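Engineer: Going by our numbering, the first residue of the sequence shown is number 75, and it counts up by one from there. Don't be surprised by glycine CBs; every beta carbon is placed ideally from N, CA and C. Quantities reported herein were computed from a predicted structural model and do not represent experimental measurements. The structure is given below, and queries will be raised subsequently.
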Amino acid sequence: MLQKTPLTDHPLPHPEGVSDDEFRAALSRLAAGVVLVTAHDPDDGPHGGDAGMTATAFLSVSLDPPLVLVSLRTGSRMDDLLDEVPTWAVSVLAENQRHVAGRFAMKGRVSDRLLFADLPHTRGAASGAPLLDDALATLECRTENRVTAGDHTLVIGRVLAVGLPAPDDEPLAYFRGRYRTLD
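The structure is reproduced here in structure tokens:
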């Protein structure tokens, strides 16, 4: 958390000497893939509801067993939902899905039900979560572990099923605070 002095109102570095702005600037130079994390909330309405969130902090953890990790802001809707619902899914976004990334990254957005309405997707057999029909890859996961790390929760999931709907498309990347394509 960025601290401010009461007299000058200027940002102070963390006790370790790195300010929030310096940290963000340095890590924005690390290119990341972009995914849509999804889950089905059975308690959202009479038939349940779907939730989605754009993430760039997603990675492979282990091949045996197959494990992945996603980092969620602690207390976010997705963090709270994945604390209650054991299964979830990830769609790895292609370069032509920039609009999907932006749609699910907006703060104060409309309901997720409306965000999914015009997106071609299927429901995962293992997770019940939405899987984008034209994603580079899809993974259905079951939470194995949750680790608090600063202001985020690291959710480690065992991969239960994978799909390759559009494996030959180019990936969507995130670099220096913007969505990018590989050229």
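1. Which ranges would you report for the beta strand (DSSP E) in the stretch 125–193 if only whole runs of at least 3 residues count?
2. Going by Cα to Cα distance, which pick from Ala105, Arg216 and Tyr248 is closest to valine 159?
3. State whether the stretch 139–155 contacts the stretch 92–108, with contact taken as three or more CB pairs (one from each stretch) at a distance under 8 Å.
4. Measuring only the C-alpha atoms, how far is alanine 200 from aspartate 94?
5. Answer yes or no: do valine 229 and leucine 137 have a C-beta to C-beta separation smaller than 9 Å?
6. Return the CA-CA distance between glycine 182 and valine 109, expressed in angstroms with no decimal places.
7. Could you tell me how far apart the beta carbons of histidine 195 and leucine 206 are, in whole angstroms, since I believe they sit closer than 8 Å?
8. Buried or exposed: leucine 238, going by 16 or more other Cβ atoms within 10 Å of its Cβ?
9. Can you tell me whether valine 233 is buried or exposed, with buried defined as 16 or more other CB within 10 angstroms of its CB?
10. Report the rounded CA-to-CA distance for alanine 179 versus proline 139, giving the unit in angstroms.
11. Helix, strand or coil: how does DSSP classify aspartate 208 here?
12. So is alanine 168 buried or exposed if we call it buried at 16+ other beta carbons inside 10 Å?
13. On the three-state DSSP scale, how would you describe aspartate 115?
14. Using only alpha-carbon positions, find the residue among Asp118, Phe249, Ala223 and Tyr253 that is nearest to arginine 187.
15. Following the continuous beta strand (DSSP E) through leucine 234, name the residue where it begins and the one where it ends.
16. With 16 other CB atoms within 10 Å as the buried threshold, where does phenylalanine 249 fall?
17. Can you list, in chain order, the residues of its chain whose CB lies under 6 Å from that of arginine 220, leaving out five sequence neighbours each side?
18. Threonine 128 and alanine 191 - do their beta-carbons sit closer together than 9 Å?
19. Quick check on DSSP: helix, strand or coil for alanine 199?
Structural biologist: Checking against the coordinates, here is how it stands:
1. Complete beta strand (DSSP E) runs here, min 3: 132–136, 141–147 and 161–166.
2. Closest option to valine 159, Cα to Cα, is Arg216.
3. no
4. 39 Å
5. no
6. 20 Å
7. 5 Å
8. So leucine 238 counts as exposed.
9. buried
10. 30 Å
11. The answer is coil: DSSP assigns aspartate 208 none of H, G, I, E or B.
12. buried
13. If DSSP states are grouped into helix, strand and coil, aspartate 115 belongs with the strands.
14. Asp118
15. Where leucine 234 is concerned, the enclosing beta strand (DSSP E) stretches over 226–237.
16. exposed
17. Around arginine 220, the same chain offers Thr227 and Val229 as residues with beta carbons nearer than 6 Å, after the five sequence neighbours per side are excluded.
18. no
19. Coil at alanine 199, not helix or strand.
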